[in-house]
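Read left to right, the sequence shown gives residues 147 to 246 (the working numbering).
First comes the structure, then the notes that go with it.
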Amino acid sequence: MKKSDPNIIYTRQQIGDILQSLVIDKEVEEIKSTGKGDFANVPAGKVCYRTVQSSSSTQVGALTSILCGVCPRLRDCTPDGEISPSNCEYYKQWLGVEYF
Numbered sequence: 147m148k149k150s151d152p153n154i155i156y157t158r159q160q161i162g163d164i165l166q167s168l169v170i171d172k173e174v175e176e177i178k179s180t181g182k183g184d185f186a187n188v189p190a191g192k193v194c195y196r197t198v199q200s201s202s203s204t205q206v207g208a209l210t211s212i213l214c215g216v217c218p219r220l221r222d223c224t225p226d227g228e229i230s231p232s233n234c235e236y237y238k239q240w241l242g243v244e245y246f
């Protein structure tokens with residue numbers, strides 16, 4: 147049986163055991179939903195799991211996930227300039243398209 151076999155069916159008990167192993171290994175943490183914020187779509191009091199943020203992990207700003215936030219030519223870029231979002235070579239590479 148292969149790991150990627152789509153026909154594998156796990157029981158609730160097996161999934162629970164896997165989650166508990168991840169909690170013990172400090173890969174995920176078990177928390178209860180507050181019903182607010184990140185848990186707005188989860189009923190309050192329901193047990194949830196989330197990945198653990200290690201203290202050594204680097205926190206980055208939201209703009210680093212947007213191409214312009216890390217662009218080396220950001221200061222030269224203007225809507226109507228020689229360097230602009232409409233003719234940006236970095237966008238083309240990032241999106242994998244030939245024409246923007």
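Ideal placement from N, C-alpha and C gives every residue a C-beta, glycine not left out.
- For residue 176, the uninterrupted beta strand (DSSP E) run begins and ends at 174-178, by DSSP.
- Following the DSSP letters along the chain, one finds residue 198 in no alpha helix (DSSP H), marked with neither H nor E.
- A Cβ-Cβ separation of about 6 Å places residue 217 in contact with residue 236 under the 8 Å criterion.
- In its chain, beyond the 5 residues on either side, 230 have a beta carbon closer than 8 Å to the beta carbon of residue 224.
- DSSP links residue 223 through a beta bridge to 229.
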